[in-house]
Each structure stands twice: as structure tokens, then as C-alpha cells.
Amino acid sequence: MIVHTGEALIDFLPVRDSNGRTAFLPVPGGSPYNTSVAAARLEVPNAFLGRISRDFFGDQLVSYLEENGVGTDMITRDDALSTLAFVKKLDSGAVRYAFSPRGRRTGISYRPISPAFPPVRRRSSSGRSP
Numbered sequence: 001m002i003v004h005t006g007e008a009l010i011d012f013l014p015v016r017d018s019n020g021r022t023a024f025l026p027v028p029g030g031s032p033y034n035t036s037v038a039a040a041r042l043e044v045p046n047a048f049l050g051r052i053s054r055d056f057f058g059d060q061l062v063s064y065l066e067e068n069g070v071g072t073d074m075i076t077r078d079d080a081l082s083t084l085a086f087v088k089k090l091d092s093g094a095v096r097y098a099f100s101p102r103g104r105r106t107g108i109s110y111r112p113i114s115p116a117f118p119p120v121r122r123r124s125s126s127g128r129s130p
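Below, the structure is given as C-alpha cells:
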């Protein structure tokens, strides 16, 4: 089994409405999150490991994993808000992102994030525990 860990967020993709105005479509995303869905679609047993909000965006994230056959037993739900990523495509073809809430779900935590997975221990660059 492959275990994917990392960001799970909602991408807001720009779309034009019938009046030509820009609207934003919420889509589950995040690189490791998307990789777990792709692996499941290829029938590779896998699971997502991480914290996902109990808010309605978090519900959307977990439901999409379940609908696509990704294991969700290693997900811990919490009350922190889901990260939202607003996407803007530039004329050059490059893409820019604006994240909200900034910094709430970024970085590495050394706290256990799932009872189904052992705690992570810090290591120094020499490989020894501090």
C-alpha cells in the first residue's frame, strides 16, 4: 500500500459565467491529495494520511477521496479551517495562487496525526534523535 501525506486543500478555479464574469469553482486538490486519487484510479491500493478540517470543505475533501477509492482511515479531522487556494492564470500561461487562511495548515507537525500511524520522531542531520 502507498501512503500519501501532504496538503489537502480546495482549489478555486476561475471560470467564466454566462455574463462573462469570472466566478470560482471549488475543486478538491493539493499535489499529494491528487496523487492519491490518481493511484486509486489506477487500482493501486493507497491511503491519504493527514489532518483535514471538519468544515464543509473538509467534508468535500474526504468524500472525494472515498468516492475514488482512497483509504481514509489515516485521516484525522480537526476544527482548523480548510486551506483555500485561489488560482489565477496569467497571460504568459503561468499560474499564481493566493492561499487563505495563510499558514493555517502548512509545515510539518511532529505530533501524531492518526492513531493508525506511529508518531514521527525528529532526527538531526546526523540521523540521531535530538
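Per my numbering, the sequence shown starts with residue 1, numbered consecutively.
Backbone N, C-alpha and C define an ideal beta-carbon position, used for all residues, glycine too.
Where the beta strand (DSSP E) containing residue i begins and where it ends
i, result
"THR98", "The residue asked about is misnamed: residue 98 is Ala in this sequence, not Thr. Looking at the DSSP string, the run of the beta strand (DSSP E) that includes ALA98 is 95–100."
"LEU136", "For residue 136 there is no data in the structure shown, the boundaries of the chain being 1 and 130."
"VAL3", "2–5"
"VAL15", "9–16"
Test item: CB-CB of residue i and residue j under 9 Å
i, j, result
"PRO26", "PHE57", "yes"
"PRO32", "HIS4", "yes"
"ALA85", "ARG51", "no"
"SER53", "SER82", "yes"
For residue i, the first and last residue of its enclosing alpha helix (DSSP H)
i, result
"ASP91", "Run containing ASP91: none; DSSP gives neither H nor E here."
"GLY58", "56–67"
Distance, residue j Cα to residue i Cα
i, j, result
"ASP78", "ALA23", "29 Å"
"SER63", "ALA98", "24 Å"
"PHE12", "ARG41", "23 Å"
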